[in-house]
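One structure is given below, encoded as structure tokens.
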Amino acid sequence: MDQELEQLEKLFSELLKIVKKYGYERFVPQIRIIEAILSCLKDSEETSSSKMEYVASKHKQLYSPRGGLSEFFIWDNDFQTRIQLNKPLDTVRDDIWAILKKYRV
């Protein structure tokens with residue numbers, strides 16, 4: 001589980017960079033949630049299982065029905081550029097989900 005927590009820290013750090021760069025004004029609540037997740041992963045003295053429960057719980061909040069990260073994508077008028085810009089975002093989201101799906105209730 002500790003390796004998964006380390007991997008999640010890297011993935012959420014990358015997600016934070018992407019969201020701040022391409023959607024900062026519109027996704028401030030999600031940025032705060034990601035920062036809280038990173039704070040837990042970096043600074044918390046909680047057990048690994050408590051951290052994982054917290055991260056899984058907060059991850060759900062990132063995808064609220066309206067205005068959540070499910071609506072976030074990077075826009076560019078050129079289709080190929082848009083695909084290229086969104087590929088890292090999709091990879092990060094998929095990798096986070098691959099780790100957290102077994103911990104979500």
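Under UniProt numbering, the residues of the sequence shown are numbered 1 to 105, in order.
We put the beta carbon where it would ideally sit given N, CA and C, even for glycine.
Note that this is a predicted model, so its numbers are computed, not measured.
Problem set entry | Spatial neighbours of Met52 in its chain, beta-carbon cut-off 6 Å, leaving aside the 5 residues before and after | For Met52, same chain residues with a beta-carbon under 6 Å away, outside a window of 5 residues either side, are Tyr103 in chain order.
Exercise. For the 8 Å Cβ check, are there 3 or more pairs between the segment 62-71 and the segment 22-36?
Worked result: They touch, by the three-pair rule.
Problem set entry | For Ile99, three-class secondary structure by DSSP | When secondary structure is reduced to three states using DSSP, Ile99 falls in the helix class.
Exercise. Would Leu11 pass as a contact of Val92 if the rule is Cβ separation under 7 Å?
Worked result: Yes, they are a contact pair.
Problem set entry | Three-way DSSP call (helix, strand, coil) for Leu62 in this model | Correct three-state label for Leu62: coil.
Problem set entry | Beta carbon of Leu85 nearer than 7 Å to that of Asp76 | Leu85 places its beta carbon less than 7 Å from that of Asp76.
For this session: Using a threshold of 7 Å, state whether the C-beta atoms of Ser48 and Asp2 are closer than that.
Result: With contacts defined as CB atoms closer than 7 Å, Ser48 and Asp2 qualify as a contacting pair.
For this session: Specify the secondary structure class of Tyr24 as computed by DSSP and reduced to three states.
Result: The answer is coil: DSSP assigns Tyr24 none of H, G, I, E or B.
Exercise. What three-state label does DSSP hand Glu71 in the structure shown?
Worked result: Shown here, Glu71 sits in a helix according to DSSP, grouped into three states.
Exercise. Among the residues of its own chain, which have a CB less than 7 Å from the CB of Glu14, if the five just before and after it don't count?
Worked result: So the list reads Val92, once near-sequence residues are dropped.
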